[in-house]
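Quick note: the sequence shown uses the numbering used here, first residue 162, plus one each step. Idealized CB from N, CA, C, for every residue including glycine. In what follows, a structure is listed as structure tokens, so that the remarks can point back to it.
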Amino acid sequence: MTIRLAAHTIALSNSLRGFIVDTLLAIFTRVILPVFITVAIGFIAQHFLRLDLKTLSRFALYVLVPCMVFTAMARTTIALIEFSQIVIFYVIASALLYGISEIAARALRLDSAAASSFHIAILFTNCVNVGFPILLLAYDASAVERGLIYMILMQIVLQTFGVYLAARGNANWRDAARRVAQMPGMYALALGLAVNAFALPIPATLFDPLKLVGDSILPFLLVVLGMQLAEVNLRGQWLVASVATFIRLVVAAIISIGVANVMGLQGITRNTLILENSMPTAIFGVALAQEFDAAPDLITTVIFISTLASMFTLTVLIAMA
């Protein structure tokens, strides 16, 4: 009996070792490492070049993102039911995550400014800079198409509820509405879906240049992310930042898997939404925290820690898919 148990234990140990070596290591080297090497290039470059990151970010937001969204949606095969599933998933998962972040903020006894930054760090993911390249490497372009819908939803919430959180309840809702109205990606999404729905012909001489510009966004955003991380000021509250990172990467992943299971999501849509909702903290939140003086040092610390830690959490999530 003892010999049989020992043999079973050895077999289990060998199986676990094989999983770690063959699966996790393969995913890390094939999907995760190329992404973060590209980020490192941007990080190093910014130390020498000191480029204007605001200009680069605006170029991505107003040129690259609309081109990518429009060309992807104009040719997408995502059905209306799948589109609605993405919306429902985002709403439910975000509501649950906000509830947990509220409980954690009260347990940590954060002041209003720190609580605002804490919520923003947890609710909004870097689903574009990190998410899109990983989706493309782990799966294919169809995953990025679904990620685009997730991104538009998150941006709408970021520019409305995110503004409200950063301003600690004193946000100007007219200004928030103006922010949403100025989001070019939203119009590109609507136009692309209209072209798709009505099968409107687009000349290749027009569509191909737009797609070429849109396709350049993935390496561009990774380099810009590295540059942004080079500007991060690590003076935040480390205990609070660590808790926020744990919720953002681990708790959010558990919530995402649970919501996906309850909704019965399958295939590429399930995998995309779980990954996108488990990404590190969004870099966009820093601008809000700075504008409303909502403890920006805390959120920048969470961004740095969560981005590095996500190399390992995302590897495990992809292996579990």
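Taking C-beta atoms under 8 Å as the contact rule, Thr433 and Arg267 fail to qualify, at a distance of about 33 Å. Here Thr238 carries a coil assignment [DSSP, helix/strand/coil].
Here the alpha carbon of Gly375 sits roughly 13 Å from the alpha carbon of Pro294. Within its own chain, the residues whose Cβ lies closer than 7 Å to the Cβ of Arg431, once the five positions on either side in sequence are excluded, are Ala421, listed in chain order. Counted as a single uninterrupted DSSP element, the alpha helix (DSSP H) harbouring Phe279 occupies residues 273–284. For the segment 342–381, the full-length alpha helix (DSSP H) segments reaching 4 residues or more read 345–358, 365–376 along the chain.
The DSSP assignment places 378–391, 399–407, 413–424, 428–437 as complete runs of the alpha helix (DSSP H) inside the segment 378–443, in order along the chain (cut-off: 4 residues). In the displayed model, Ala206 falls within a helix according to three-state DSSP. Of the candidates Val252, Phe368, Thr468, Val404, the residue whose Cα lies closest to the Cα of Met440 is Thr468. Counting only residues of its own chain and dropping the five nearest sequence neighbours on each side, Val385 has a CB closer than 8 Å to the CB of Gly203, Leu214, Leu217, Ser218, Ala221, Asn290. By the Cβ neighbour-count rule, Gly428 is exposed, with fewer than 16 other Cβ atoms within 10 Å of its own. Contact between the segment 399–411 and the segment 318–329 is absent: fewer than 3 CB-CB pairs across the two stretches fall below 8 Å. The straight-line gap separating the alpha-carbon atoms of Ala187 and Val196 is approximately 14 Å.
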